[in-house]
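In what follows, a single structure is set out as structure tokens and then discussed.
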Amino acid sequence: MTTEAADPTETVGAIAPAADPGFLQRHGATIEYILIPGAALAGALVVFGIFVAMFGKNPLDLYFYMYYGAFGTWFSWQNTLTRAAPLILTALCTALPAQLGMVIIGGEGALLIGALSATSAALALQGMPPFIVQIAMVCAGVIGGGLWIMLAGALRQYRGVNETISSLLLVYIALAILNHLVEGAMRDPASLNKPSTREIGAANMIGSIPGTDVHWGLVFGLIAATAAYILIYHTVFGFAARVAGGNIRAAKIVGLGVSKLILTICFLAGGAAGLAGMVEVAAVQGRTNANLAAGYGFTGILVAFLARQNPLAIIPVAILLGGISASGGLLQRRLGLPDASVLVLQGIIFVFVLASDALYGRIGFLKGKS
Amino acid sequence: MADGSIGLWTVPLAVLGGAIRVSTPFLFVSLGECITERSGRINLGLEGTLVMGAMSAYGISYLTGSPWLGVLAAGITGALLGALHAGICSLPRVNDVAVGIALMLFGTGLAFYLGKPLIEPTAPRLPAIDFGWWSDISQVRAALRVNVLFLIGVALAPILYWAFRTTRWGLLIRTAGESSDAARAMGHSVLLIRLRATMVGGFLAGIGGSFLSLFYPGSWNEGLSSGQGITAVALVIFARWDPLLCLWASLAFGGAAALGPALQSVGVTSGYHLFNAAPYILTLAIMIITCSPKRTLTGAPAELSITR
């Protein structure tokens, strides 16, 4: 970055990057994956700063409070990590199918169905040892969310229904099912103003990581992201998926079972988002109600795209965006910005990140001599 | 409450009224999307455009006192968002589906941000034409209170159908959608054609949004649109990119969306939320029936990324 020399000739270019002349060229792709999204993020922050400046707020205050609210104190770090946990899981719901070239944006629906399934499991097993209830909740959440997104995958594979649109429609259907059950069959009669299911019970909550206020959902997320990374980049199954994503015809010619790939990947993707729903129930809300539709599924889409669909890169990106949403409260209190300002910033970041796709392979000083 | 004796007839009447009232945003968004998709690009961001249109229409109507200026402002906002979409998509290697998702989030976020002060005040609303003057039954009158925008939308569908077939612009848009090479060979800029088609599409979707805030439901709040925009995009697919079929599909959707409130008004409250999800379930069902994995859809523009 410091070598934007005015003279583009080869001799100067070879001398300038001090010790290792070929370093930038050899690691160009890796540097691009960090530099370009970073630049897009910075550009988005600048535009957002200008945006709030138009409403008479000081952008420098904005940046300070954003940093302070996200990463400034131990308290804000914990808040950030708590929000990052479901984001890691919902981002996987977009990133895994992306390996197959599918664009799934229905993580929110899988989250809601996962939460509903996990709550049902816990309510059905009242009185059992907490450990068993928690295992059952995890299974129910993963299976519920997994089947939900697998439905979108199956429709794509067997009926040719576009998975982007069907998965989004399924979000609204999931929300309707949730509201229907929460206000009907599963309603706790004691919940008057905010219809909810009965509580799963304090003993069955998964609690916090010792010494912190961050719940175990973060660990679930880290494990899931790492497992997804290994699955995609270090197994035959993942290799087959990436082949099918690159060229579906080639995959069929070499005899890969594309249907099986699609259904399995979609199940795992939905399972991750369903797990996010389970975590929100078992670590935060303690019950299912409309509060669960907090938009984690939609922010997860942004996380996946910003991480360029790489499961490991999702972790830092989720923490970053968890931080942005954690700072929302502070922005509201100190600067009087509406709570939707976080949404605006996320939208701007998303637009910048996608536009920055045009830059790959075009940054002069990273190019080889070809 | 002129007459209680019509009893259960309330439901079909309300569905009819809903088909007229609720279908208007579906109609405008689907016609707009139809133009955009015919040019070979898909704009999933119309959900955001719809909400932005609703917010800006309400705001301008409140500030100026003229709901029609609000409608115009909504259209212009939509066209600007369309230009943004087209602008980003014209960069190399940028995926139009992903840009649409981004603009969906951006549009709704921006509308919630700017619309915060608009939740309290009441803005002047669009007038309605009373086609039910001949009837004594209040429900019939309510069902036949028709907004001018609906009539414009209904007229627009055959006009677009005709324009796609016979006018120079219609032909250019279709050429860009079927084969960008052919359009380029004829000496036209595909990007420019798509920019215009996306802007017109955004303009219409914005107007669809103005109907939401200025006529029915007729106020601005953050739950105003829940997926109408994306449903309308899906509707274009099974309307086979045909403006006339878009009209019929929108009417069917409006009727389906009115089913929940209609049943609630006669005392059927148990499945309220499920009936509210009827348009989404209907969309999904129709897509399952009409799509096929074996062939591309008849009538699909060949350049459209979503059908390949």
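Which chain is which? The protein sequence lines are X and W, in order.
Just so we're aligned, residue 0 is where the first sequence starts under numbering that gives the first Met the number 0, counting upward by one.
Just so we're aligned, residue 0 is where the second sequence starts under numbering that gives the first Met the number 0, counting upward by one.
A virtual CB, placed ideally from N, CA and C, is assigned to each residue, including glycine.
The structure presented is a predicted model; accordingly, all values stated were derived computationally and were not measured.
I need the DSSP call for X/T211, collapsed to helix, strand or coil.
coil
Compare the C-beta of X/S340 with all C-beta atoms of chain W and state if any pair is closer than 7 Å.
yes
Can you check whether the C-beta of X/F130 is within less than 7 Å of a C-beta belonging to chain W?
Answer no: the Cβ-Cβ gap between X/F130 and chain W never drops below 7 Å.
Any chain X beta carbon closer than 7 Å to W/L109:
yes
What does the alpha-carbon distance come out to for the pair X/L379 and W/R193?
Residue 379 of chain X lies beyond the stretch modelled for chain X, which goes from 0 to 369, so this question has no answer here.
Span separating the alpha-carbon of W/S178 from that of W/T35:
Straight-line Cα distance between these residues: approximately 15 Å.
Please check the pair X/A38 and X/S355, which I expect to be a contact at CB under 8 Å, by giving their CB distance rounded to whole angstroms.
At roughly 7 Å, the Cβ-Cβ gap stays under 8 Å, so X/A38 and X/S355 are in contact.
Could you tell me how far apart the beta carbons of W/N275 and X/A175 are, in whole angstroms, since I believe they sit closer than 8 Å?
With 8 Å as the limit, W/N275 and X/A175 qualify as a contact, their Cβ atoms being about 6 Å apart.
Name the residue from W/T107, W/I158, W/G39 whose alpha carbon lies nearest to the alpha carbon of X/L342.
W/T107
Does W/C245 have its Cβ less than 7 Å from a Cβ in chain X?
no
Buried or exposed (CB count within 10 angstroms, at least 16 for buried), X/A5:
Unreliable placement is indicated for X/A5, whose pLDDT of 42 sits below 50; no coordinate value is reported for it.
What residues from chain W crowd round X/H26, counting only those whose CB sits closer than 7 Å?
In chain order: nothing, as chain W lies at least about 21 Å away.
Any contact between the stretch 183-196 of chain X and the stretch 270-289 of chain X? By contact I mean 3 or more CB pairs, one from each, below 8 Å.
yes
Can you list, in chain order, the residues of its chain with a C-beta nearer than 6 Å to that of W/D2? Leave out the 5 residues immediately preceding and following it.
For W/D2, the pLDDT reaches just 45, beneath the cut-off of 50, and the residue's location in the model is therefore unreliable, although a value from the coordinates is still provided. Here the set comprises I136.
Chain X residues whose Cβ lies nearer than 8 Å to that of W/N42:
Within 8 Å Cβ-Cβ: nothing; W/N42 doesn't reach chain X, min ~12 Å.
Length-filtered (3 minimum) beta strand (DSSP E) runs lying within the stretch 200-274 of chain X:
none
Do the CB positions of X/L329 and X/G68 come within less than 7 Å of each other?
yes
Show which residues of chain W have a CB atom less than 7 Å away from the CB atom of X/N246.
Residues of chain W passing the Cβ test: none, with the nearest at roughly 13 Å.
First through last residue of the alpha helix (DSSP H) which encompasses W/D180:
For W/D180, the enclosing alpha helix (DSSP H) begins and ends at 179-184.
Short Cβ contact (7 Å threshold) for X/L86 with X/V302
For X/L86 and X/V302, yes; Cβs fall inside 7 Å.
Residues near X/L267 by beta carbon distance below 6 Å, same chain, minus five either side
L95
Contact check, X/S116 vs X/I134 under 8 Å by CB: the rounded distance?
X/S116 to X/I134, Cβ: 14 Å. No contact.
For X/N290, collect the residues of the same chain with a Cβ closer than 7 Å to its Cβ; drop the 5 residues on either side in sequence, then sort them by chain order.
Q284
Where DSSP assigns a beta bridge to X/D356, which residues make up the other side?
Its beta-bridge partners do not exist; DSSP assigns none.
Which residue's Cα is closest to the Cα of X/I205: X/I264, X/A151, X/F130, X/T163?
Comparing Cα positions, the closest option is X/F130.
Taking the CB atoms as reference points, tell me whether W/L45 and W/A204 lie closer together than 7 Å.
yes
Closest by CA to W/T319, which one among W/W161, W/Y160, W/K293, W/V189?
Any property of residue 319 of chain W remains undetermined from this structure, which presents chain W solely from 0 to 307.
Assigned exposure category for X/H26 - 16 Cβ within 10 Å defines buried
exposed
Show which residues of chain W have a CB atom less than 7 Å away from the CB atom of X/L154.
I287
Residues within the stretch 163-179 of chain X neighbouring chain W, beta-carbon criterion of under 7 Å:
T163, I164, S165, L167, L168, Y171, I172, A175, N178, H179
Alpha-carbon to alpha-carbon, X/W73 and X/P209:
15 Å
List, in chain order, every chain W residue whose beta-carbon is nearer than 8 Å to that of X/G183.
S269
With contact counted as at least three CB pairs below 8 Å, one residue from each stretch, are the stretch 52-63 of chain W and the stretch 255-267 of chain W in contact?
no
If we ignore side chains and look at the alpha-carbon of each, how far apart do X/L320 and W/A301 end up?
38 Å
Own chain partners of X/L334 with C-beta closer than 7 Å, once the 5 adjacent residues on each side are dropped
K56, D60, L61, Y64
Would you kindly work out how many angstroms separate the C-alpha atoms of W/L246 and W/L26, rounded to a whole number?
6 Å
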